[in-house]
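Here's the structure we're looking at; comments come further down.
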Amino acid sequence: MLFFLKKMIGGLLLPLPFLLIVIGVAILLLWFTRWQRTAKTLLTAGWLALLLLSLQPVADGLLKPIEDRYPTWQGEPKAQYIVILGGGYTWNPQWAPSSNLINNSLPRVTEGIRLWQANPGSKLIFTGARAIGNPVSTAEVGARVAESLGVPRDAIVTLDTPKDTEEEAAAVAKMIGDTPFLLVTSASHLPRAMIFFQRQGLKPLPAPANQIAITSPLNPWERAIPSPLWLMHSDRASYETLGRVWQWLKGISGDPGDQ
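Take the sequence shown: its letters are residues 1 to 259, numbered as in the UniProt record's numbering.
Here you go:
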């Protein structure tokens, strides 16, 4: 119940649902009360915030400092295990396997496979429980995608009970103890994940995937025109910021680089 409540409240605090609530309240005040000035203020603020968060310079300006915490793995140090954290997914057996990995999940798996190829004899560990109503876990879907891309099943381990990053860290700790391993997750999620894993006494080696904050060239109109793509980048920055606040509220704090 706590997990469900956390997801519901956290989801409503993300930019799009939160600003829609603000704008909705403003419309109700505008039509049904005498609080016209308050309504106009909320409506203007909500619209302006939605506009700014949908612009590339603003969205990626918020996200880039989070993503830049750890560099891409470039061949060293080597590792016996590669842990790939679960993310968004579904399961439709009629689709191409990789189509079942949503948003951040597919880049994590492809980066994990790159690391597996660069670390001969290593094992891929996929984590993540079943979503409500889904017969297959996110860990298993990741494993099936890896198999479809040439990774033998005997090089794959699935941990399909953890529901969140904190539980994933505990499950990995039970399996490999203090053996160093490459930790693969989205670049924006990695700073928060490192804290959970190090708190378990583990020795994760950061391996970010799915960097999306763009500093390389874009067409001028792509930077100037609001887009749901850039709003999604703002969403990622907000999600991870809320996640760090939740860690702080639970008494889990600290800079992984200092541990």
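Note that beta-carbon positions come from the ideal geometry of N, C-alpha and C, so glycine has one too. On a predicted model such as this, the values are computed, not experimentally measured, just so you know.
- Annotated as proximal: Leu-85 and Glu-168, with beta-carbon spacing under 8 Å.
- Asp-60 places its beta carbon less than 8 Å from that of Ile-214.
- Counting along the chain, no beta strand (DSSP E) covers Ser-148; the unbroken alpha helix (DSSP H) around it starts and ends at 138-148.
- Using a Cβ distance threshold of 8 Å, Asn-210 and Asn-104 count as a contacting pair.
- The straight-line gap separating the alpha-carbon atoms of Ala-170 and Arg-199 is approximately 9 Å.
- For Pro-120, the secondary structure class from DSSP, reduced to helix, strand or coil, is coil.
- Setting aside the 5 residues that flank it on each side, Tyr-239 is surrounded in the same chain by Leu-14, each with a C-beta closer than 7 Å to its C-beta; the list follows chain order.
- Counting along the chain, Tyr-81 sits inside no alpha helix (DSSP H); it lies in the beta strand (DSSP E) bounded by residues 81-84.
- When C-alpha distances from Ser-188 are compared across Lys-64, Ile-252 and Leu-20, the shortest belongs to Lys-64.
- The alpha carbon of Asn-119 has as its nearest neighbour, out of Leu-231, Pro-93, Leu-16 and Val-151, the alpha carbon of Val-151.
- In this structure, the straight-line span from the alpha carbon of Thr-138 to that of Gly-112 is close to 15 Å.
- DSSP, reduced to helix, strand and coil, places Tyr-70 outside both helices and strands of the structure shown, so it counts as coil.
- C-alpha of Thr-179 to C-alpha of Lys-163: approximately 23 Å in a straight line.
- When only Cα atoms are considered, Ala-193 and Thr-41 end up about 38 Å apart.
- For Val-25, the CB contacts under 7 Å within the same chain, skipping 5 residues up- and downstream, are Leu-42 in chain order.
- Counting of Cβ neighbours within 10 angstroms places Ser-253 among the exposed residues, the total staying below 16.
- A straight-line Cα-Cα distance of about 51 Å links Tyr-70 and Thr-33.
- Ile-212 and Glu-222 have their C-alpha atoms spaced approximately 14 Å apart.
- Ile-9 and Leu-2 have their C-alpha atoms roughly 10 Å apart.
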